[in-house]
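In this note's numbering, the protein residues as written are 7 to 175.
The structure under discussion appears below in the form of structure tokens.
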């Protein structure tokens, strides 16, 4: 009985392994030759050194080089310190548009952030990058990526002890 059970388990193990090895063929997606194409003037912007609370705004310019209207469906950033804005209406063929990106320059230190643009273009996802270094404020003790927190004095309070017979629970 044990041999039969062992052989059954081995049979199903071999069957499972061999089935997982079979190749799944996917149907190629048809390419729409008239689909819109988004072409950016620049995919990377280097701010260089920016003063603390300085201007961290950049406009990524693009053009619809395809044959149909381009619709940007979403623009997602790699963190909450970067805020994008983009045209909500379709961009006609041959027309241009701007994706405006604002980085929070109150965060001191080096940064590299990505912005993912999703659209109905032939290549539906494009990645843009901003980078730079935010300098600490002058005459402060700020250091890159950290802010100094001043210690607050702690008040001392004396706790009165009561006999256990007077304690309330």
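Every residue gets a Cβ at the ideal spot worked out from N, C-alpha and C, and that includes glycine.
Do you know offhand how far residue 54's Cα is from residue 126's? 33 Å
Who are the Cβ neighbours of residue 69 in its own chain at under 6 Å, not counting the five residues just before and after it? Result list for residue 69: 45 and 102, in chain order.
Which word fits residue 62, buried or exposed, when buried means at least 16 other C-beta atoms lie within 10 angstroms of its C-beta? By the neighbour-count rule (16 or more Cβ atoms within 10 Å), residue 62 is buried.
Just tell me which of 133, 142 and 143 has its CA closest to the CA of residue 177. For residue 177 there is no data in the structure shown, the boundaries of the chain being 7 and 175.
For residue 52, which residues does DSSP report across the bridge? 137
If distances are taken between C-alpha atoms only, which option among 96, 137, 75 and 57 comes closest to residue 121? Nearest of 96, 137, 75 and 57 to residue 121, Cα basis: 137.
Considering residue 107, what are the terminal residues of the beta strand (DSSP E) in which it resides? In the DSSP annotation of this structure, the continuous segment of the beta strand (DSSP E) that includes residue 107 starts and ends at 102-109.
In chain order, what residues of the same chain lie with their CB nearer than 7 Å to the CB of residue 130, ignoring the 5 residues before and after it? 124.
In the DSSP assignment, find the beta strand (DSSP E) that holds residue 80 and state where it starts and stops. 78-83
Closer than 8 Å by C-beta to residue 79: which residues in its own chain qualify, once you throw out the five before and the five after it? Chain order, please. 124, 125 and 126
Residue 96 versus residue 39: straight-line alpha-carbon distance, rounded: 18 Å
Mind checking who residue 69 pairs with in its DSSP beta bridge? 45 and 102
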